[in-house]
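First the structure, in the form of structure tokens, and then the observations on it.
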Amino acid sequence: MAFVTMVSSKNALDGSIKKRAYDFLQKLQKNHTAPGLHIEPIVGARDPRVRTGRVNQQWRAVLYQLNAKDGAHFIYYGTWNHDEAIDIARRTVLNFNLALGTPEFTDAGPVEVPETPAPTTPPQPVSGTAPHGEQVAASEAAPSESEEAAATAIEVAWDNLLAKNWDVASLQEAGIAEQWATAALAATTKTEFTTVAEKAPEAQGLVLLGLVAGDDLATVREDLGLPAKAATDSSDEAIVDALKQSSVGFKYVGENPDELKEAIESADIDRWRVFLHPEQRKYATGSWNGAYRLSGGAGTGKTVVLLHRARHLHREEPQKRILLTTFTRSLASSLEENFARLAPNIKVVGVGEPGVAIEGIDRIASQVLLKTPSDLAQQAAEKVLGAGASIGSRRITNTYDAWMFAVESAGFDTTDPLYHPAFLEQEYVTVVLGNQLVNERDYLRVSRAGRGTALNRAKRRQLWQIFARYRNLNQLDNQLSFPEVCAIAAQVLELRAAKSAEETGEAQAEDFVADYVLADEAQDFNAPHMRLLRALAKEGPNDLFIAEDSHQRIYGQKITLSHFGVNIRGRSRRLRLNYRTTAENLAYAISLLQGNPITDLEGENERIDDYRSVRTGPLPVIITVQNRTKEIEAAGDRVEMWLENGVRPEAIGILASRHNRIQ
């Protein structure tokens, strides 16, 4: 028997080799002395603990053998062709960074200080003569002189907090090797600095990124899951202990074959989806007394945390009903696909069944109503829509036309901005449904904080006429809007829980749809969604886990969790380390958001200037065009150039602005 630790892989394996690597490691777990594995030391290796093992005649695995009290431990570094594996094994050394208390690999050959790359912050968009200010953003390795000059001018203002607060000696004491400390302190742009952090051993690079953002060393160590104090022992036993604590860049699977299989099976997706950052792992496996909120920009790993958390909760309590939901059905399908790759041994079940269920929030609402007795559904519909309302059998698919018809039927001018379908829909969903208003009197009194458009009593009376007409027309057509379905479904669950509490003194778990609910992309949830989310699970430890990115709010209105009974005071955190977006693209995105207040689901303003990336890439370039036709041509030319340069088609994404009648 042997214990195995996986490393953030240096190489990608296709399906056939991946299966052979898994078979090899599974045999290693069972008996590392089996002669067929050919676990052999390497003559002339820099590290005496390195071994190679025969995956097949062509491929060999590179391993590091550690001997501890409980037996042999192997760190699996990767699988390569025979000669390449031997070369890697000879020159790569496993070290234990005493200051950081984490293992790390280094190449025993000379370390080159990274060359100064192109500046990271892109030029600001140039005002053009196009009718809509149409521009194409693209990545290009060699920007023009004017573009590069503009970017450099912006980069000069970059404030290297590291250089202000640290020197080489103090960074070395903190665990940063001299060559990386020197290069980091000398960096004059974000791109230079990120390149240093990217090339350094992973833990060292992450520490540098935290320090340059202005965090103190204690905070950085806590975020990375590193011990509070430096280690004093670099023995095999100490390294094994660190690996069991899930050090940065390592995944300890031990002797568990299921853990090993999941790690190997997941190797074909981005490694950060498998090798959780220690801070991410803290949220994936943590326990809290109530609802928890995790925020962060795109690429910081919120969705990954949710997937791992769903798997963790199922492993801890396999009979519990775990519901993972999100804004749209397509996003739910993506979650289900990635969960199957992360946890191939866990079968996704239906909503309300023991196990892990994954479904879009609107579909959950529909399923709740389908399973609700007619008398209870009728009661809920009347509480949401007024006396005589019903749940109907059809759903509104074109709310724009429905609102236009309601405005015309009520005798108001459809060209008046106050009666625009987009405004009416938002007002109705956020204020009317969000507060379960069924009459004009309550609408005249209700607070509309955060809506942005002031309304006097006369205007409110006019709007209520339209809302009432909208409801009446839809009831005549036996149809409901999707937000109405969510509001009624939430009311059904609330009534069910209230009845149970009245009969037994406390609502029972079976009165709810799930034991644990995890919500992704919650920034786009509307008021009825949030009410339903709260009603899906009984309030208690770990009942709700909500992930959101306020920067990406597309559909949702500015709403606060507390308004819907979701109490997260003292139980929220923001992820700031970006794994997916390059430093250059991140800087460009932040430049577009500067000056626009961002409000999170707690109603607080959120910073955008402290996000950081672990990756570098080409500098974004702005191309100004004269019209839509030129824009399409420019985009086509850029894609054609990328394809000719060998970029894979599936690696190219095209974003397009949309100009329609709903602004």
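Using the working numbering, the letters of the sequence shown correspond one by one to residues 711 to 1373. Just so it is clear, CB atoms sit at the ideal spot from N, CA and C, and this is done for glycine as well. Bear in mind that the values here come from a model prediction, so they are computed numbers and not experimental data.
### Query
In three-state DSSP terms, what is Ile-949?
For the purposes of this step, residue 949 is taken as residue 239 along the sequence shown, with counting starting at 1. It is helical.
### Query
To the nearest angstrom, how far is it from the Cα of Val-1349 to the Cα of Ile-1362?
Residue numbering aside, residue 1349 sits at position 639 when the sequence shown is read from its first letter. Residue numbering aside, residue 1362 sits at position 652 when the sequence shown is read from its first letter. Answer to the nearest angstrom: the Cα atoms are 8 Å apart.
### Query
Where do the ends of the beta strand (DSSP E) carrying Val-958 lie?
Taking the first residue of the sequence shown as position 1, residue 958 is located at position 248. Run containing Val-958: none; DSSP gives neither H nor E here.
### Task
Please find out if some non-hydrogen atom of the ligand ATP comes closer than 7 Å to the beta-carbon of Ile-949.
As far as ligands go, the structure on display features none, and thus does not contain the ligand ATP.
### Message
Pull the bridge partners of Ser-1282 from the DSSP assignment, please.
### Response
Residue mapping note: residue 1282 aligns to position 572 of the sequence shown, counting from 1. For Ser-1282, which the question treats as bridged, DSSP gives the partners Arg-1003.
### Task
Can you check DSSP and say which residues form a bridge with Ala-1067?
Here residue 1067 corresponds to residue number 357 of the sequence shown, with the count starting at 1. Its beta-bridge partners are Leu-1033 and Val-1059.
### Message
Just verifying my parser: in three-state terms, what is the DSSP assignment at Glu-1231?
### Response
Position 521 of the sequence shown, counted from the first residue, corresponds to residue 1231. Three-state result, Glu-1231: coil.
### Best match in Gly-781, Lys-992 and Leu-970 for proximity to Gly-935 [C-alpha to C-alpha]
As a position in the sequence shown, residue 935 is number 225, starting the count at 1. The candidate whose alpha carbon is nearest that of Gly-935 is Lys-992.
### Message
So, at 7 Å on beta carbons, what are the nonlocal neighbours of Ala-847 in its own chain, with the 5 sequence-adjacent residues on each side left out?
### Response
Start at 1 with the first residue of the sequence shown, and residue 847 comes out as number 137. Its pLDDT being 38, under 50, Ala-847 is placed unreliably by the model, and nothing is read from it.
### Task
Please check the pair Ala-1257 and Val-1015, which I expect to be a contact at CB under 8 Å, by giving their CB distance rounded to whole angstroms.
Position 547 of the sequence shown, counting from 1, holds the residue named residue 1257. Position 305 of the sequence shown, counting from 1, holds the residue named residue 1015. Right, the Cβ-Cβ distance comes to about 7 Å (below 8 Å), so this counts as a contact.
### Query
My guess is that Val-930 and Val-917 are in contact by the Cβ rule of under 8 Å, so how many angstroms apart are they, rounded?
Within the sequence shown, numbered from 1, the residue matching residue 930 stands at position 220. Within the sequence shown, numbered from 1, the residue matching residue 917 stands at position 207. Yes, they are in contact, since the Cβ atoms of Val-930 and Val-917 sit about 6 Å apart, within 8 Å.
### Gly-1250 classed as buried or exposed, judged by whether at least 16 other C-beta atoms fall within 10 angstroms
Translated into positions along the sequence shown, residue 1250 becomes position 540. So Gly-1250 counts as exposed.
### Query
Taking DSSP as the reference, what is the three-state secondary structure of Pro-1127?
By one-based count along the sequence shown, residue 1127 stands at place 417. Helix at Pro-1127.
### Query
If we count the other Cβ atoms within 10 Å of its Cβ and call it buried at 16 or more, is Met-1351 buried or exposed?
On the sequence shown, position 641 is the one that residue 1351 refers to. Exposed, since its Cβ has fewer than 16 Cβ neighbours within 10 Å.
### Task
Please classify Leu-1154: is it buried, with 16 or more other beta-carbons within 10 angstroms of its beta-carbon, or exposed?
To locate residue 1154, count along the sequence shown from 1; it is residue 444. Under this definition Leu-1154 is an exposed residue.
### Query
Sorted by chain position, which residues of the same chain lie with C-beta nearer than 6 Å to Ala-867's C-beta, five sequence neighbours on each side aside?
Numbered from 1 along the sequence shown, position 157 holds the residue referred to as residue 867. Reliability fails at Ala-867, whose pLDDT of 44 lies under 50, so the model's placement of it is uncertain and no value is given.
### Task
Starting from Pro-813, trace the beta strand (DSSP E) both ways and give me its first and last residue.
Position 103 of the sequence shown, counted from the start, is the residue given in the question as residue 813. Here the beta strand (DSSP E) through Pro-813 covers 812-817.
### Task
To the nearest angstrom, report how far apart Glu-1294 and Gln-1088 are at their CA atoms.
One-based indexing of the sequence shown puts residue 1294 at position 584. One-based indexing of the sequence shown puts residue 1088 at position 378. The straight-line gap from Cα to Cα measures roughly 55 Å.
### Message
Give me, in chain order, the residues of the same chain whose beta-carbon lies closer than 8 Å to that of Val-1156; leave out the 5 immediate sequence neighbours on both sides.
### Response
Position 446 of the sequence shown, counting from 1, holds the residue named residue 1156. Closer than 8 Å at Cβ, skipping near neighbours: Val-1141, Asn-1145 and Leu-1147.
### Query
DSSP state of Arg-991, grouped into three classes?
Start at 1 with the first residue of the sequence shown, and residue 991 comes out as number 281. It is helical.
### Query
When we look at the beta-carbon of Asn-1355 and count the other beta-carbons within 10 Å, is it buried (16 or more) or exposed?
Walking along the sequence shown from the start, residue 1355 turns up at place 645. By the neighbour-count rule (16 or more Cβ atoms within 10 Å), Asn-1355 is not buried but exposed.
### Task
Report all residues from its chain with a CB closer than 6 Å to the CB of Gly-1096; omit the five preceding and five following residues, and keep chain order.
To locate residue 1096, count along the sequence shown from 1; it is residue 386. Closer than 6 Å at the Cβ level, and outside the excluded window around Gly-1096, lie Val-1148.
### Message
Across the stretch 1225-1239 and the stretch 1025-1044, are there enough close Cβ pairs to call them in contact, namely three or more that are closer than 8 Å?
### Response
yes
### For Leu-776: DSSP bridge partner residues
Residue mapping note: residue 776 aligns to position 66 of the sequence shown, counting from 1. According to DSSP, Leu-776 bridges with His-783.
### Message
On the criterion of 16 or more Cβ atoms from any shown chain inside 10 Å, does Ala-1219 qualify as buried, or is it exposed?
### Response
Here the question's residue 1219 lines up with position 509 in the sequence shown. Counting Cβ neighbours within 10 Å, Ala-1219 comes out exposed, since fewer than 16 surround it.
#### Entry: Reduced DSSP secondary structure (H/G/I, E/B, other) of Gly-1162
Within the sequence shown, residue 1162 is the residue found at index 452, counting from 1. Of the three classes helix, strand and coil, the one that applies to Gly-1162 here is coil, per DSSP.
### Task
Could you tell me which residues DSSP pairs with Pro-751 in its beta bridges?
The residue you call residue 751 lines up with position 41 of the sequence shown. Paired residue(s): Arg-761.
### Task
Take Gly-754 as the anchor and find which of Trp-769, Gly-811 and Ala-818 has the nearest alpha-carbon.
Taking the first residue of the sequence shown as position 1, residue 754 is located at position 44. The shortest C-alpha separation from Gly-754 is found at Ala-818.
### Query
Which term fits Leu-738, buried or exposed, when burial requires 16 or more other beta carbons within 10 angstroms of its beta carbon?
Taking the sequence shown and counting its residues from 1, one reaches residue 738 at position 28. By the neighbour-count rule (16 or more Cβ atoms within 10 Å), Leu-738 is buried.
### Message
DSSP has Ile-1106 in a bridge; who is on the other side?
### Response
By one-based count along the sequence shown, residue 1106 stands at place 396. According to DSSP, which records beta bridges pairwise, Ile-1106 is partnered with nothing at all.
### Task
Consult DSSP for Val-1324 and reduce its assignment to one of helix, strand or coil.
The residue you call residue 1324 lines up with position 614 of the sequence shown. Note: Val-1324 maps to coil in three-state DSSP.
### Query
On the premise that Phe-1049 lies in contact with Asp-1234, defined as a C-beta separation below 8 Å, what is that separation, rounded to the nearest angstrom?
Within the sequence shown, the letter at position 524 stands for residue 1234. Within the sequence shown, the letter at position 339 stands for residue 1049. So it is not a contact: roughly 20 Å between Cβ atoms.
### Query
Just how far apart, CA to CA, sit Arg-800 and Ser-1272?
In the sequence shown, the residue the question calls residue 800 occupies position 90. In the sequence shown, the residue the question calls residue 1272 occupies position 562. One C-alpha to the other measures close to 58 Å.
### Simplified DSSP state of Ile-998, which is helix, strand or coil
Counting from one through the sequence shown, the residue named residue 998 turns up at place 288. First, the amino acid is wrong: residue 998 is Trp here, not Ile. It is coil, neither helix nor strand.
### Coarse secondary structure for Leu-1242, derived from DSSP in three states
Translated into the one-based positions of the sequence shown, residue 1242 becomes position 532. Note: Leu-1242 maps to helix in three-state DSSP.
### Query
Is Lys-728 closer than 8 Å to Ile-974 when the C-beta atoms are compared?
One-based indexing of the sequence shown puts residue 974 at position 264. One-based indexing of the sequence shown puts residue 728 at position 18. Cβ atoms of Ile-974 and Lys-728: closer than 8 Å.
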